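As structure tokens, the structure follows; a few thoughts come after it.
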Amino acid sequence: GRDFWRICDANSVCAIDEVNDQASFWQFIRQQFIPLTFSDRQEYEPVLDLAVDWESGVVNYGPKANTIYELNEMSVVWHPRYIGDSKTNILLGNVRLRQLRMRNKTDCTIGEVFQQVTNECFGPFSADKQSRKSY
């Protein structure tokens, strides 16, 4: 679920919540997100019990083989990207990250001491106050 991608422990402390600047973002991505996203194996056991001699085109079906599809030189090797500790979920498609940004000066106040230093503040995220400006 959602806590898997946020990388939360048993106490619901999530690694993504510790990301607060560029350095911690890249540390999170390299050390936690990518290892969870991509499997460490190049190939997995075949889904079907068969052997194919691609030169002759002969397919030897084993006792557990059960398919209605004819295999040929265009058939691909099984390369799933399992995700999660149990390796029971397969990632289909590409991984995408997106940045959600807030509009400046919404749901926040700048303390008097800091008003001479900055006039920007960004409140907690909410969909109705999300910034949609391009960079």
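Numbering-wise, our numbering comes out as the position in the sequence shown, counting from 1, plus 146.
We treat Cβ as the ideally placed atom computed from N, Cα and C, and that holds for glycine.
Because the structure is a prediction, the values reported are computed rather than measured.
Indicate whether residue i and residue j have their beta-carbon atoms separated by less than 8 Å.
i: F174; j: A156; result: no
i: R247; j: S277; result: yes
i: L238; j: I229; result: no
With DSSP as the reference, label residue i as helix, strand or coil.
i: Q261; result: coil
i: S277; result: strand
i: I229; result: strand
i: I153; result: coil
i: R242; result: coil
i: I256; result: coil
Going by Cα to Cα distance, which pick from the options is closest to residue i?
i: K279; options: F260, Q245, P270, T264; result: Q245
i: C154; options: D167, F179, S170; result: F179
i: L182; options: D167, V165, R227; result: R227
i: D253; options: Q262, V263, C267, V259; result: C267
i: D274; options: V263, R249, Q262, T255; result: R249
i: P270; options: F184, R152, D163; result: D163
i: N235; options: Q262, V263, F184, T264; result: F184
Would you tell me roughly how many angstroms separate the C-alpha atoms of residue i and residue j, rounded to the nearest one?
i: F150; j: E201; result: 44 Å
i: V165; j: K251; result: 21 Å
i: I256; j: D167; result: 20 Å
i: V159; j: S170; result: 16 Å
i: F260; j: S272; result: 24 Å
i: W289; j: E258; result: Since the first residue shown for the chain is 147 and the last is 281, residue 289 is missing from the structure and cannot be characterised.
i: V263; j: Q177; result: 35 Å
i: N240; j: R152; result: 18 Å
The ligand HEM heavy atoms versus the CB of residue i: any closer than 7 Å?
i: G257; result: The ligand content of the structure shown is nil, which means the ligand HEM is not present either.
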